[in-house]
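Engineer: Let me give you the structure first, and then I'll get to my questions.
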């Protein structure tokens, strides 16, 4: 007698809609964060002190000149493209910051310690140099030991170049003013503060410590016989939105 076989099928269904939604939100957030970092030339990193492993965002690889190359990062790899003096300074600064963080924990039970910003130079394989600004934070565990460090690095090369150009222009302008005995000034009418060039202070025989540069104090330096005339000329120029040109004596 043949017996009929019986089969039992068991299946499980799991509602994962919320999890999928959460995963999609995370993916969207990470994509937007990555794009924002790319536009701002800012990368972020995290270092596990127990393993010495460092996690880099994609923009960190770009800032350090690795492009699409990806690899496991450690502290030695993170500093190998710095200038020799910056490697030494970074190592010393990192040690001092950790000591300060542990000291802050003992005194105030602080679990997070902000490290001062630092500027250093990276050298790419093609010899080009990138100036970057790094900001970090030290995280301690409840025993007061450093568990990890996190931070950001921003490529400020173009910003530094622009600032150097401005500094050069200002030096050249100051030199030209000194040679021609011409001073310059800028008056912020909203705050009533006036910014004088160094040569203008020299023309008036004053130093920056001698004078709070505002309009009233400027008028006091004008010869009494010319003071009303100068004030009228300045007020008229302000009201008519026109340039002015006049001579006056100083005291």
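Residue numbers (the working numbering): 27 to 277.
Where is the CB? At the ideal position from N, CA and C, for every residue including glycine.
Quantities reported herein were computed from a predicted structural model and do not represent experimental measurements.
1) Label residue 143 either buried or exposed according to how many other C-beta atoms from any shown protein chain fall within 10 Å of its C-beta, with 16 as the threshold for buried.
2) What span of residues does the alpha helix (DSSP H) with residue 193 cover, start to end?
3) With distances taken Cα to Cα, identify the nearest neighbour of residue 148 among 90, 76, 79 and 250.
4) Straight-line CA distance for residue 93 to residue 87?
5) Buried or exposed for residue 127, please, with buried defined as at least 16 other CB atoms from any protein chain shown within 10 angstroms of its CB.
6) Ordered along the chain, which non-local residues of its own chain (more than five positions away) have a Cβ less than 6 Å from that of residue 239?
7) On the CB-based measure, 16 or more other CB atoms within 10 Å of its CB, does residue 225 come out buried or exposed?
8) Going straight from the alpha carbon of residue 133 to that of residue 170, what length do you get?
9) Identify the continuous alpha helix (DSSP H) that holds residue 263 and give its terminal residues.
10) Would you call the stretch 203-212 and the stretch 250-267 in contact, with 3 or more CB pairs under 8 Å?
11) On the CB-based measure, 16 or more other CB atoms within 10 Å of its CB, does residue 83 come out buried or exposed?
12) Reducing DSSP to helix, strand and coil, say where residue 151 ends up.
13) Using a Cβ-Cβ cutoff of less than 7 Å, which residues in the same chain neighbour residue 100 once the five nearest sequence positions on both sides are dropped?
14) For the alpha helix (DSSP H) containing residue 126, list its first residue and its last residue.
15) Leaving aside the five residues before and after residue 76 along the sequence, list all residues of the same chain whose C-beta is less than 8 Å from its C-beta, in chain order.
16) Measuring only the C-alpha atoms, how far is residue 21 from residue 185?
17) Look at the Cβ atom of residue 118, then the Cβ atom of residue 108, and state whether they are nearer than 9 Å.
18) Which same chain residues end up closer than 7 Å to residue 181 when comparing Cβ atoms and leaving out the 5 residues on each side of it in sequence?
Structural biologist: With the structure as the only source:
1) When all chains shown are included, residue 143 counts as exposed.
2) Residues 183-206.
3) Out of 90, 76, 79 and 250, 90 has the C-alpha closest to the C-alpha of residue 148.
4) Approximately 6 Å, taken between the alpha carbons.
5) Buried, by the Cβ-count rule.
6) Only 220 and 222 meet the Cβ criterion.
7) With at least 16 other beta carbons inside 10 angstroms of its own, residue 225 counts as buried.
8) Those two C-alpha atoms are separated by around 11 Å.
9) 250-266 is the extent of the alpha helix (DSSP H) around residue 263.
10) When Cβ pairs closer than 8 Å are counted between the two stretches, the stretch 203-212 is seen not to touch the stretch 250-267, the count staying below three.
11) Residue burial annotation: residue 83 is buried, with at least 16 other C-beta atoms found within 10 angstroms of its C-beta.
12) Three-state DSSP puts residue 151 in coil, outside helix and strand.
13) Beyond the five residues adjoining it in sequence on each side, residue 100 comes within less than 7 Å, by CB distance, of 78, 79 and 80 in the same chain, given in chain order.
14) In this chain, the alpha helix (DSSP H) harbouring residue 126 covers 110-134.
15) Excluding residues up to 5 positions away in sequence, 173 lie with their Cβ nearer than 8 Å to the Cβ of residue 76 in the same chain.
16) A question about residue 21 goes unanswered here, because the residues of the chain that appear run from 27 up to 277.
17) No; because the gap between Cβ atoms is not below 9 Å, this pair is not in contact.
18) Result list for residue 181: 67, 89, 156 and 158, in chain order.
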